[in-house]
Amino acid sequence: MIEISNLVKYYGDKKAVDHISFTVEKGEILGFLGPNGAGKTTTMNILTGYLSATSGKVTINGHDILEEPALAKKAIGYLPEQPPLYLDMTVLEYLKFISELKGVPKADRIRQMAEIMRLVRIADVSDRVIHNLSKGYKQRVGIAQAMIGNPEVLVLDEPTVGLDPKQIIDIRNLIKTLSKNHTVILSSHILPEVQAVCDRVVIISNGKIVAIDTPDALSHKLADTSKLALTFEGPYKDAASKIRTLPGVKGVASIREKDNIQSIEITIDPKIDVRKSIFFTMASHSWPILEFKSLDPTLEEIFLSVTSSDEKKRR
Amino acid sequence: MLAIYKRELASYFRSPIGWVAMALYAVLGGFYFSFSMSSQSAVNISDELGLIQLFFLIVIPLITMRLFSEEKKNGTEVLLYTSTVPLYKAVLGKYLAAVSLLILMLLSTFLHVILVLSMGGLINASTLGSYISFILIGALYISIGVMASAFTENQIIAAVFSSAMIIFTMLLQVIASSLQGIFVSIISVFNPLSLSSESIYKAGENLAGAINWMDPASRTSSFSQGILSLSPLLFCISLIALFLFLTYRILEKRRWSQG
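Chains A and B, in that order, give the protein sequences. In this text, residue positions in the first sequence follow the working numbering: the first is 1, and each later residue adds one. In this text, residue positions in the second sequence follow the working numbering: the first is 1001, and each later residue adds one.
Given below as structure tokens:
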């Protein structure tokens, strides 16, 4: 479906993308994960034909984006990080313009626009000027724009950034619905988001791919850095020394202390479930547990774990 | 391309720009028309066009400055680059939209033509020629403005750049004659090749001629005398093609270099 091979992009002397290669299969949701400035947007800009690569090749359905741009671009709908909206137009005018720009046959336009507006739920604002819409609606108009012309591939750059939690869930559900009929590539710097929707994840850092895998396999790799957060009332020193002696506990660190209420972080061996023994230890000393939860690994930890495991393999 | 053309033309009238430009020309033309009717009891449409042509300096940067710079600033240029429409068609679509607005701005002067005709006045080839030369020169300046707008995402810079280019073009005749004077006086003082004063004067004249050769206004001046010739037409169209081609190349280059 999409083949990216040895992509390199320089901005002046700065190497933004460094020999990136991967393929995307039909019907797949591919997540593109990395911190800001890792080269996600640049890669997406290249594969949609917005920018040209310094070297390397992108083919979409066998059509090279530089040699047969019309055929390759027809298969792609792109939502850039900043939705490309003409703020002075109404939603309907805007989508009509996009339909004309993408050369949707006149007979299909109305039907297709109506269907997309229903799917992304913007039909109720279709007569409003885009400038006056909320960020969530603007984002959805941007997604509608990408869907017009019914492209096989949707490329979404940080589709949930800047939205409120309810809107984020809405957009995620929308992406899942879309994936029934489309191949989706989406970028994000939020791990749970990628875990929630993607079949496969490409992790990119400093312009290089550090890992390509399924979300499950990636979290498996992460397994040895699991952490628990615990808040309780009682003395830190005594509690910490008691917890440290429990089997499976690797370390204890204080996060915050206030009015004899302690917040601590416990690093554990994921193979042993220490939650019960921690509970009974605290209970036996009458140190009431106020909060107890496992910590989601942060992106930094993913990087550390992925890159360090790569190094281990090399050794 | 039609989609881009239609959107651009419509967007002139969604913002005040289109209306302001049309109103400006209606007021200026109307002022001239009524003034000459009452004071001189004679009206020349060609002179009216000549007067409002001076305001190209303001109007053309105004209508061209946002064409590409705004797209870059708002991030909507992605649509142009990633759509299946080739980039040169986007340039043409936007250019033609601006030219169409210029023609719409002339609408109020058509009213004056009708008035002149209804009162038994004379509308002849020279009036027609004035219209053609007005549109040709306007179209040429618009192509300069379109190019300026592709340079930068700042509309003000684009406007200043195209104003400067338009002033320069408008003043070509003045520049030519003053350069001629400077050239002749400097060479007469130093005269390293010990030329005769006659040949120095000739050389100065040729220099001015060369600069005047580039002046679109003096080239199309025959039009307002009712003489429609091909060479000024080709001259303006080639220049327009050149500026639009440069615009296309600037936009195409950005795809390779921008960050």
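Every residue, glycine too, gets a C-beta built ideally from N, C-alpha and C. On a predicted model such as this, the values are computed, not experimentally measured, just so you know.
Close partners of W1019 of chain B in chain A (Cβ separation under 8 Å) are lacking, with about 14 Å as the shortest Cβ gap. The continuous beta strand (DSSP E) containing I264 of chain A extends over residues 261-268. Closer than 7 Å at the C-beta level to chain A, one finds no residue of the stretch 1091-1108 of chain B. In the three-state scheme derived from DSSP, where H, G and I count as helix and E and B as strand, S188 of chain A is classed as strand. The distance from the Cβ of V120 of chain A to that of I148 of chain A is about 11 Å, inconsistent with a contact at the 8 Å cut-off.
Excluding residues up to 5 positions away in sequence, nothing lies with its Cβ nearer than 6 Å to the Cβ of D259 of chain A in the same chain. Counting every other CB atom within 10 Å of its CB across the protein chains shown gives R256 of chain A a total below 16, marking it as exposed.
By the rule that beta-carbons nearer than 8 Å mark a contact, A1208 of chain B does not touch chain A. Counting only residues of its own chain and dropping the five nearest sequence neighbours on each side, C1236 of chain B has a CB closer than 8 Å to the CB of L1136, I1137, A1139, L1140, P1216, R1219, T1220. Of all residues in the stretch 80-91 of chain A, only P80, E81, Q82, P83, P84, L85, Y86, L87, D88, M89 come within less than 9 Å of chain B when Cβ atoms are compared, listed by chain position.
In this structure, the alpha-carbon of Q1155 of chain B lies about 12 Å from that of M1147 of chain B.
Distance from I60 of chain A to V153 of chain A at the Cβ level is roughly 7 Å; contact confirmed, criterion being Cβ atoms closer than 8 Å.
When the beta-carbon positions are compared, G77 of chain A and P159 of chain A stay at least 8 Å from each other. For G27 of chain A, the closest C-alpha among the options A:K180, A:A53, A:E265, A:E233 is that of A:K180. Here S179 of chain A carries a coil assignment [DSSP, helix/strand/coil]. Using a Cβ-Cβ distance cut-off of 8 Å, the stretch 183-203 of chain A and the stretch 16-35 of chain A are in contact, since at least three pairs of beta carbons, one from each stretch, lie closer than that value. Two segments are said to touch when three or more pairs of C-beta atoms, one from each, lie closer than 8 Å; by this definition the stretch 1173-1187 of chain B touches the stretch 1201-1212 of chain B. Beta-bridge analysis with DSSP links S1199 of chain B to no other residue.
Taking CB atoms only, L1079 of chain B has a neighbour in chain A less than 8 Å away.
Taking H63 of chain A as reference, the option from A:G251, A:D157, A:K73 with the minimal CA-CA separation is A:K73.
Leaving aside the five residues that flank S1197 of chain B on each side, the residues in its chain whose CB is nearer than 7 Å to its CB run, in chain order, S1188. In this structure, I130 of chain A keeps its C-beta atom at 8 Å or more from the C-beta atom of V184 of chain A. DSSP, reduced to helix, strand and coil, places Y11 of chain A within a strand of the structure shown. Between the C-alpha atoms of N45 of chain A and R140 of chain A there is a straight-line separation of about 20 Å.
Between the stretch 163-173 of chain A and the stretch 81-100 of chain A there are fewer than three inter-stretch CB-CB distances shorter than 8 Å, so the stretches are not counted as touching. The beta-bridge partner set that DSSP reports for L295 of chain A consists of A:K227.
As the crow flies, the alpha-carbon of A1164 of chain B is around 23 Å from that of E1071 of chain B. Judged by DSSP secondary structure, I255 of chain A falls within the beta strand (DSSP E) whose first and last residues are 249-258. Of the residues A:E265, A:K135, A:V155, the one whose Cα lies closest to the Cα of P80 of chain A is A:V155. The beta carbon of G162 of chain A does not come within 8 Å of any beta carbon belonging to chain B, so the residue lies off that interface. Nearest CB-CB separation between A239 of chain A and chain B: not below the 8 Å threshold.
Per the C-alpha coordinates, the member of B:G1209, B:L1193, B:F1151 positioned closest to K1253 of chain B is B:F1151.
Ranked by Cα distance from F280 of chain A, the first of A:D108, A:Q195, A:L246 is A:L246. When DSSP reads this structure, E233 of chain A sits in a beta bridge with A:I261. Around the beta-carbon of D157 of chain A, 16 or more other beta-carbon atoms lie within 10 Å, marking it buried.
Residue contact check for E25 of chain A against chain B: no CB pair falls below 8 Å.
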